[in-house]
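Q: Encoded as C-alpha cells, here's the structure I'll be asking about.
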Amino acid sequence: MKVTRATFNDVMVPNYAPAEIIPVRGEGSRVWDQNDVEYIDFAGGIAVNVLGHCHPELVSALEEQGRKLWHVSNVMTNEPALRLATKLNDATFSERVFFANSGAEANEAALKLARRFALGTYGEEKNQIIAFNKGFHGRTFFTVTVGGQAAYSDGFGPKPGQVDHCDYNDLAQLEALMSSKTCAVMMEPMLGEGGIVPATEEFVKGVRALCDKHNALLIFDEVQSGAGRTGNLFAYMGLGVTPDILTSAKSLGGGFPIGAMLTTETIASHLKVGTHGSTYGGNPLGCAIAERTLDIINTPEILNGVKQKEALFRARLNEINEKHNVFEEIRGKGLLLGCALNDKYKGRAKDFLIAATKAELMCLVAGADVIRFAPSLVIPDSDIEEGLLRFEQAISSVIGEQ
Ligand SMILES: *Cc1c(COP(=O)(O)O)cnc(C)c1O
554 MKVTRATFND
564 VMVPNYAPAE
574 IIPVRGEGSR
584 VWDQNDVEYI
594 DFAGGIAVNV
604 LGHCHPELVS
614 ALEEQGRKLW
624 HVSNVMTNEP
634 ALRLATKLND
644 ATFSERVFFA
654 NSGAEANEAA
664 LKLARRFALG
674 TYGEEKNQII
684 AFNKGFHGRT
694 FFTVTVGGQA
704 AYSDGFGPKP
714 GQVDHCDYND
724 LAQLEALMSS
734 KTCAVMMEPM
744 LGEGGIVPAT
754 EEFVKGVRAL
764 CDKHNALLIF
774 DEVQSGAGRT
784 GNLFAYMGLG
794 VTPDILTSAK
804 SLGGGFPIGA
814 MLTTETIASH
824 LKVGTHGSTY
834 GGNPLGCAIA
844 ERTLDIINTP
854 EILNGVKQKE
864 ALFRARLNEI
874 NEKHNVFEEI
884 RGKGLLLGCA
894 LNDKYKGRAK
904 DFLIAATKAE
914 LMCLVAGADV
924 IRFAPSLVIP
934 DSDIEEGLLR
944 FEQAISSVIG
954 EQ
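Residue numbering for the sequence shown follows this note's numbering, starting at 554 and increasing by one per position.
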C-alpha cells in the first residue's frame, strides 16, 4: 500500500501539522526519507532518541526481550521492571519508582501523588499546585492545566482546580503565591518547550527553600532535561537541589515509549494498593530497553562526551552567529541547546526549521523565537560539523544571502 504525506490529511485527526517528508529509516544520527534523501538528525525525535536511531545495543535489547516476554500487566511484576527500578534508585535520590508510558502519564502520577500526600498528611485544605508560565508537562487534562500555556488547556471545558502559575526564574512571584495551602510546586529544571531557558541557581535553591518552609513537595519534571541530556544523569544533579518527586520519559527509553516517576519511600507510601495504575506501565519490553539505555548513558564516557559535544556546538554556533548575526543568545545545557533569534528575526524560528529540512538537517523549534537542538548523545563530531554546515546554509537562505 502506497502512503504519502497527503494520506495524512485523509486518515488522521488534524491535531498535527507534520513536515512534508516522511522518514522511513534511521541509523545513528542519520535518517532517510521516502525518496532516500539523507538527513542529519539534530532533533532526536524531540529529545527522545538519546543514542541515535537503531543503536545496536538497543536493537539487541529489543530483540532479546521481544523473544521472551512483552507484556503481563501489573497483576504480576516482571524482571526488567524490577532491575530498571533498582538501577534508577541506585543512581538517584529516589527510593521508589512508578512506571508509565509517557511523560504526561509520569507527571499525572506525580501530581496525583502530591495531592494524596498533602491531603493525607496535612488535610484537605492543602491542595494548591503551583507551576510556571511557559512550562510544559504533557497533554492529559491535569498536566496540561498545570503547564503554563493556557492556549493548550483552553477549549476543553472546566479545568482541574487549585492550579496557579507564576513567572519562571521569579522567586518573589512564587513567594507571594505560596502559603500553607501549597501542596506542590512543579517545574522543569530548564524550560524545554518554553524556549530552552535554564533555571538560575538562585531560583532553584529559592524554590527548594520555599517548598521546605511551606511543607510543599518539589516536583522536577525532567522528561526533557533528564536521562543524560544536560551532561548529568538528571539535571538536578548539576544544580545542587534535590526534588521530592522527579519524572522522566523521552530519552529514558531511547525511543521506546516509557515514563517513570521517582520519589522517596515516605512519599510513595501514599499511593496505596489500588490508588493509581496503568495497564502497560512497566511492561517488560519497554523496561528492558530503558534498562539497556540507562546502562549505556550512565557512564562517565557518555556524560563527559555530552559536555565535549556541547562545547563543539557552541563554538561553531558562535562562529556562525559572528558571521550572520541572527541570534541574541545561544543557551541551554549539554545537548539541549537553544538559539534565540535576535529582534530582526524574532517570530521566524519555523522558517529556519523549514530551511534546515531543505538543507537536509532535522532540528526543532521551542516557541516562535528559538531554534532547538536535541541530538543523540553519541552523535559523531563529524555529524555535528556537517549538520552545522547545513544549518549555516539554511540561515543564509532565510536571511537572503543566497
Ligand atoms: C515532552 C514533555 C512532556 C510530555 O511527555 P509526553 O511523553 O509527550 O507525554 C512533559 N514534560 C516535559 C518537560 C516535556 O518536555
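Virtual Cβ for every residue (Gly too), placed ideally from N, Cα, C.
What number of angstroms, rounded off, separates the C-alpha of I932 from the C-alpha of L792?
A: On the sequence shown, residue 932 is found 379 positions in, with the first residue counted as 1. On the sequence shown, residue 792 is found 239 positions in, with the first residue counted as 1. Approximately 25 angstroms between the Cα atoms of the pair.
Q: Going by alpha carbons, who is nearest to R636 out of C607, K803, C840 and P571?
A: To locate residue 636, count along the sequence shown from 1; it is residue 83. Nearest C-alpha to R636: C840.
Q: Hey, is the segment 724–736 in contact with the segment 699–708, meaning 3+ C-beta pairs nearer than 8 angstroms?
A: The segment 724–736 is not in contact with the segment 699–708.
Q: Starting from the C-beta of L786, find all residues in its chain whose C-beta is less than 8 angstroms away, skip the five residues before and the five after it, and write them out in chain order.
A: By 1-based counting over the sequence shown, the position of residue 786 is 233. Cβ neighbours of L786 beyond the five flanking positions: A644, T645, G779, A780, I850, N851 and L856.
Q: Taking the runs of the beta strand (DSSP E) that are 3 residues or longer, which of them lie wholly in the segment 577–618?
A: As far as the segment 577–618 is concerned, its whole beta strand (DSSP E) runs of at least 3 residues are 583–586 and 591–594.
Q: Can you look up G807 in the DSSP assignment and give me helix, strand or coil?
A: As a working mapping, residue 807 is identified with position 254 in the sequence shown. DSSP places G807 in strand when its eight states are reduced to three.
Q: On the DSSP bridge list, what partners appear for M740?
A: Against the sequence shown, residue 740 aligns to sequence position 187. Answer is F773, bridged to M740.
Q: Between M739 and C764, what straight-line distance do the alpha-carbon atoms span, to the nearest angstrom?
A: To locate residue 739, count along the sequence shown from 1; it is residue 186. To locate residue 764, count along the sequence shown from 1; it is residue 211. For M739 and C764, the distance between alpha carbons rounds to 11 angstroms.
Q: Going by the C-beta, is E661 closer than 7 angstroms to any heavy atom of ligand 1?
A: On the sequence shown, position 108 is the one that residue 661 refers to. No - ligand 1 has no heavy atom lying nearer than 7 angstroms to the Cβ of E661.
Q: Would the segment 570–577 and the segment 892–900 be scored as touching if the rule is three or more Cβ pairs under 8 angstroms?
A: In short, these stretches do not touch, since the Cβ pair count stays below three.
Q: Could you please give the first and the last residue of the uninterrupted beta strand (DSSP E) stretch that includes I798?
A: Locating residue 798 in the sequence shown gives position 245, where the first residue counts as 1. Counting along the chain, the beta strand (DSSP E) containing I798 begins and ends at I798 to S801.
Q: With a threshold of 7 angstroms, establish whether the CB of S655 neighbours any heavy atom of ligand 1.
A: The count along the sequence shown starts at 1 and reaches residue 655 at position 102. At least one heavy atom of ligand 1 is nearer than 7 angstroms to the Cβ of S655, so yes.
Q: In the segment 678–730, which residue ranges form an unbroken alpha helix (DSSP H) of at least 4 residues, counting only runs that do not cross its ends?
A: Entirely contained in the segment 678–730, the alpha helix (DSSP H) runs reaching 4 residues are, in chain order, 694–699, 703–706 and 724–730.
Q: Could you check if K766 is buried or exposed, using at least 16 other CB atoms within 10 Å of its CB as the buried criterion?
A: Translated into the one-based positions of the sequence shown, residue 766 becomes position 213. Exposed, by the Cβ-count rule.
Q: Are G691 and V697 close, meaning C-beta to C-beta below 8 angstroms?
A: By one-based count along the sequence shown, residue 691 stands at place 138. By one-based count along the sequence shown, residue 697 stands at place 144. In contact: G691 and V697 (Cβ atoms closer than 8 angstroms).
Q: Please report how far the alpha carbon of Q946 lies from the alpha carbon of E677, in whole angstroms.
A: Start at 1 with the first residue of the sequence shown, and residue 946 comes out as number 393. Start at 1 with the first residue of the sequence shown, and residue 677 comes out as number 124. Cα to Cα, the separation comes out at about 58 angstroms.
Q: Rounded to the nearest angstrom, what separates F652 and M629 at their Cα positions?
A: Position 99 of the sequence shown, counting from 1, holds the residue named residue 652. Position 76 of the sequence shown, counting from 1, holds the residue named residue 629. Looking at the two C-alpha atoms, the distance is approximately 14 angstroms.
Q: G953: buried (16+ other C-beta within 10 angstroms of its C-beta) or exposed?
A: Stepping through the sequence shown from its first residue, residue 953 is reached at position 400. Exposed, by the Cβ-count rule.
Q: May I ask you to report which of helix, strand or coil DSSP gives E755?
A: As a working note, residue 755 is residue 202 in the sequence shown. It is helical.
Q: Around the C-beta of Y721, are 16 or more other C-beta atoms found within 10 angstroms, so that it is buried, or is it exposed?
A: The count along the sequence shown starts at 1 and reaches residue 721 at position 168. Y721 should be labelled buried.
Q: Going by DSSP, what residue range makes up the beta strand (DSSP E) through G885?
A: On the sequence shown, residue 885 is found 332 positions in, with the first residue counted as 1. That run of the beta strand (DSSP E) goes F880 to K886.
Q: Give the secondary structure of F652 by DSSP, where H, G and I count as helix, E and B as strand, and everything else as coil.
A: Against the sequence shown, residue 652 aligns to sequence position 99. Of the three classes helix, strand and coil, the one that applies to F652 here is strand, per DSSP.
Q: For M915, which residues does DSSP report across the bridge?
A: Counting from 1 along the sequence shown, the entry for residue 915 is found at position 362. According to DSSP, which records beta bridges pairwise, M915 is partnered with D594.
Q: Please say whether K886 and M790 have beta carbons closer to each other than 8 angstroms?
A: To locate residue 790, count along the sequence shown from 1; it is residue 237. To locate residue 886, count along the sequence shown from 1; it is residue 333. Result no, Cβ atoms of M790 and K886 do not sit closer than 8 angstroms.
Q: Excluding sequence positions up to five away, which residues of its chain have a Cβ less than 7 angstroms from the Cβ of E610?
A: By 1-based counting over the sequence shown, the position of residue 610 is 57. Taken in chain order, the residues that qualify are R845 and I849.
Q: Taking all protein chains shown into account, do 16 or more other C-beta atoms lie within 10 angstroms of the C-beta of A921, making it buried, or fewer, making it exposed?
A: Along the sequence shown, read from residue 1 onward, the residue named residue 921 stands at position 368. That one is exposed.
Q: Using a 10 Å radius around the Cβ and a threshold of 16 neighbouring Cβ atoms, would you call G673 buried or exposed?
A: What you label residue 673 is simply residue 120 of the sequence shown in a count that begins at 1. Label assigned to G673: exposed.
Q: For the alpha helix (DSSP H) that I952 lies in, which residues bound it at each end?
A: In the sequence shown, residue 952 corresponds to position 399, counting from 1. Looking at the DSSP string, the run of the alpha helix (DSSP H) that includes I952 is D934 to I952.
Q: With R636 as the anchor, note down where its alpha helix (DSSP H) starts and where it stops.
A: As a position in the sequence shown, residue 636 is number 83, starting the count at 1. It spans E632 to A644 - the alpha helix (DSSP H) in which R636 sits, taken as one unbroken run.
Q: Would you list, in sequence order, the uninterrupted beta strand (DSSP E) runs of no fewer than 3 residues that lie entirely inside the segment 826–895?
A: Entirely contained in the segment 826–895, the beta strand (DSSP E) runs reaching 3 residues are, in chain order, 880–886 and 889–894.
Q: Alpha carbon to alpha carbon, how far is A868 from V879? Give it in angstroms, no decimals.
A: Along the sequence shown, one-based indexing puts residue 879 at 326. Along the sequence shown, one-based indexing puts residue 868 at 315. Using only the alpha carbons, I get a separation of about 15 angstroms.
Q: Is any heavy atom of ligand 1 found at a distance shorter than 7 angstroms from the C-beta of A802?
A: Taking the first residue of the sequence shown as position 1, residue 802 is located at position 249. Flag set: Cβ of A802 near ligand 1.
Q: Apart from the five residues on each side of it in sequence, which residues of its chain come closer than 7 angstroms, Cβ to Cβ, to A572?
A: Here residue 572 refers to the residue found at position 19 of the sequence shown. Only T910 meet the Cβ criterion.
Q: Mark Q777 as exposed unless 16 or more other C-beta atoms lie within 10 angstroms of its C-beta, in which case mark it buried.
A: Residue numbering aside, residue 777 sits at position 224 when the sequence shown is read from its first letter. It counts as buried.
Q: Could you give the DSSP three-state label for R782: helix, strand or coil?
A: The sequence position of residue 782 within the sequence shown is 229, counting from 1. R782: coil per DSSP, three-state reduction.
Q: Three-state secondary structure (DSSP) at F787?
A: Here residue 787 refers to the residue found at position 234 of the sequence shown. Looking at F787 - three-state DSSP - the assignment turns out to be coil, as it is neither helix nor strand.
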